[in-house]
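*Asks:* One structure follows; several queries about it will come next.
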Amino acid sequence: MDRVKLTGVVLRAVDYGESDRVVTLLTAERGKVSAFARGARASRRRFGGALEPFTLLSAEVRERSGSDLLGLDSVSVVRGFGALRGDLGRIACAGYAAELARELVRDHQPHDELFELLVAYLDALDAGPPRPAALRAFELGALRAAGLMPRLDACARCGAPVGEGPVRFDAGEGGALCAGCAPGVPRTLPLAAGTLAALLRLQDGGLAAAASEPLAPPAGREAREALTAFLEHHLGRRLAARRFLDEIGPLLGA
Numbered sequence: 001m002d003r004v005k006l007t008g009v010v011l012r013a014v015d016y017g018e019s020d021r022v023v024t025l026l027t028a029e030r031g032k033v034s035a036f037a038r039g040a041r042a043s044r045r046r047f048g049g050a051l052e053p054f055t056l057l058s059a060e061v062r063e064r065s066g067s068d069l070l071g072l073d074s075v076s077v078v079r080g081f082g083a084l085r086g087d088l089g090r091i092a093c094a095g096y097a098a099e100l101a102r103e104l105v106r107d108h109q110p111h112d113e114l115f116e117l118l119v120a121y122l123d124a125l126d127a128g129p130p131r132p133a134a135l136r137a138f139e140l141g142a143l144r145a146a147g148l149m150p151r152l153d154a155c156a157r158c159g160a161p162v163g164e165g166p167v168r169f170d171a172g173e174g175g176a177l178c179a180g181c182a183p184g185v186p187r188t189l190p191l192a193a194g195t196l197a198a199l200l201r202l203q204d205g206g207l208a209a210a211a212s213e214p215l216a217p218p219a220g221r222e223a224r225e226a227l228t229a230f231l232e233h234h235l236g237r238r239l240a241a242r243r244f245l246d247e248i249g250p251l252l253g254a
């Protein structure tokens with residue numbers, strides 16, 4: 001069968017049988033795909049360390065008859081992001097970004113925007129310590145790529161301006177709520193005016209805006225809780241990597 005070259009980030013690698021591995025990639029060309037790496041565990045000569053999570057690689061793959069899995073024939077590392085792998089906080093954030101990307105999109109649907117965002121976020125983690133604003137920018141960008149943006153520029157229920165004071169946030173309603181709508185919605189989350197403004201800047205400016213956005217407590221906590229609730233509402237659960245971040249997150253603000 002014809003072989004195809006793909007450029008992708010390893011989102012997950014799962015051992016299969018005694019010597020093989022199934023790898024999930026977010027690729028520039030085909031979106032999310034899974035590939036069968038025969039003998040990946042038996043010999044490091046063929047794939048080396050290229051199949052580790054959040055490695056950017058170039059892969060040669062082929063269709064496999066009767067299987068949804070591609071066959072992975074050869075790989076070469078484009079970027080290994082070695083610096084981030086020496087720090088638990090950066091590993092945790094990279095793992096969360098990879099799991100979020102994997103869960104937000106379906107197989108074989110191109111997502112150029114999400115692929116480029118993930119690579120840019122891994123670059124940022126490789127260059128320095130994790131920043132809460134950068135992780136919030138990644139979450140917002142990933143939601144945009146998946147077509148699931150929260151409404152932050154106006155009331156998600158009625159469309160009216162939310163005003164300049166504190167507002168409430170509800171994942172089920174789709175975002176921020178004005179003072180008129182919030183009382184009718186139970187268990188909403190608080191968003192101070194400064195927190196909402198910071199989220200809007202990150203929503204508009206992405207990772208570039210995160211570099212100049214301190215998002216210090218309590219705004220950082222409010223932003224994290226709001227986006228975590230929004231993601232859980234749409235995914236139906238809290239991601240395993242998010243739970244791990246919750247354990248070590250107080251040290252990171254992530």
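Going by full-length UniProt numbering, the sequence shown opens with residue 1, and the numbers climb by one from there. Cβ coordinates follow ideal geometry from the N, Cα and C atoms, glycine included. Small disclaimer: the values here were computed from a predicted structure and weren't measured.
Would you kindly report the start and end of the unbroken beta strand (DSSP E) that includes Gly31?
*Replies:* Within the sequence shown, the letter at position 31 stands for residue 31. Gly31 -> beta strand (DSSP E) spans Gly31 to Ala37.
*Asks:* Starting from Glu60, follow the beta strand (DSSP E) in both directions and report where the run begins and ends.
*Replies:* Against the sequence shown, residue 60 aligns to sequence position 60. Segment Leu56 to Arg62, the beta strand (DSSP E) holding Glu60.
*Asks:* Let me know the secondary structure DSSP gives Leu235 once reduced to three states.
*Replies:* Here the question's residue 235 lines up with position 235 in the sequence shown. Three-state DSSP puts Leu235 in a helix.
*Asks:* Output needed for Ala229: all residues of its chain with C-beta closer than 7 Å, excluding positions within five of it in sequence on either side, in chain order.
*Replies:* Numbered from 1 along the sequence shown, position 229 holds the residue referred to as residue 229. Correct list, in chain order: Ala171 and Leu189.
*Asks:* Helix, strand or coil, according to DSSP, for Val185 in the structure here?
*Replies:* Residue numbering aside, residue 185 sits at position 185 when the sequence shown is read from its first letter. Here Val185 sits in coil by DSSP.
*Asks:* Using CA coordinates, which residue listed in Ala142, Leu114 and Gly180 is at the minimum distance from Gly159?
*Replies:* By 1-based counting over the sequence shown, the position of residue 159 is 159. With distances taken between Cα atoms, Gly159 lies closest to Gly180.
*Asks:* Go through its chain and collect everything with a Cβ distance to Glu164's Cβ below 7 Å, but skip five positions before and after it.
*Replies:* To locate residue 164, count along the sequence shown from 1; it is residue 164. For Glu164, where only same-chain residues beyond five positions count, the Cβ hits under 7 Å are Ala193.
*Asks:* Considering only C-alpha positions, which residue in the set Gly39, Cys93 and Gly49 is nearest to Arg136?
*Replies:* Position 136 of the sequence shown, counting from 1, holds the residue named residue 136. Checking every option, the nearest Cα to that of Arg136 belongs to Cys93.
*Asks:* Threshold first: 4 residues or longer. Then list the alpha helix (DSSP H) segments lying entirely within the stretch 89 to 162, N to C.
*Replies:* You should have 112 to 127 and 132 to 145.
*Asks:* Could you check where the alpha helix (DSSP H) with Leu207 kicks off and where it finishes?
*Replies:* Looking up residue 207 in the sequence shown gives position 207. Leu207 -> alpha helix (DSSP H) spans Ala193 to Ala210.
*Asks:* Please name the residue, chosen from Phe54, Ala208, Val4 and Leu200, that lies closest to Ala223 on a Cα-to-Cα basis.
*Replies:* Mapped onto the sequence shown, residue 223 falls at position 223. Closest option to Ala223, Cα to Cα, is Leu200.
*Asks:* Let me confirm a value: Arg106 is counted as buried when at least 16 other C-beta atoms fall within 10 Å, else exposed. Which label applies?
*Replies:* Stepping through the sequence shown from its first residue, residue 106 is reached at position 106. Exposed.
*Asks:* For Gly210, which of Leu227, Leu57, Arg131 and Ala226 has the nearest alpha-carbon?
*Replies:* Position 210 of the sequence shown, counting from 1, holds the residue named residue 210. The sequence given here has Ala at residue 210, not Gly. Comparing Cα-Cα distances from Ala210 to each of Leu227, Leu57, Arg131 and Ala226, the minimum goes to Arg131.
*Asks:* Could you spell out where the beta strand (DSSP E) holding Arg21 opens and where it closes?
*Replies:* By one-based count along the sequence shown, residue 21 stands at place 21. Annotation: the continuous beta strand (DSSP E) that includes Arg21 extends over Asp20 to Thr27.
*Asks:* With H, G and I counted as helix, E and B as strand and the rest as coil, what does DSSP make of Ala50?
*Replies:* Counting from one through the sequence shown, the residue named residue 50 turns up at place 50. Correct three-state label for Ala50: coil.
*Asks:* Looking at the strands, I want to know which residues DSSP matches up with Thr228.
*Replies:* The sequence position of residue 228 within the sequence shown is 228, counting from 1. None, per the DSSP bridge assignment.
*Asks:* Could you pull the start and end residues of the beta strand (DSSP E) that Arg3 belongs to?
*Replies:* Along the sequence shown, read from residue 1 onward, the residue named residue 3 stands at position 3. DSSP places Arg3 inside the beta strand (DSSP E), whose first and last residues are Arg3 to Tyr16.
*Asks:* Which of the three DSSP states is assigned to Arg168 in this structure?
*Replies:* In the sequence shown, the residue the question calls residue 168 occupies position 168. Three-state result, Arg168: strand.
*Asks:* Span of the alpha helix (DSSP H) holding Asp68?
*Replies:* Here residue 68 refers to the residue found at position 68 when the sequence shown is read from its first residue. Unbroken run through Asp68: none, as it is neither H nor E.
*Asks:* Can you list, in chain order, the residues of its chain with a C-beta nearer than 7 Å to that of Leu152? Leave out the 5 residues immediately preceding and following it.
*Replies:* Reading the sequence shown from its first residue, position 152 is the one you call residue 152. Excluding positions up to five away in sequence, the list reads Gly175, Ala176, Leu196, Leu199, Leu200 and Gln203.
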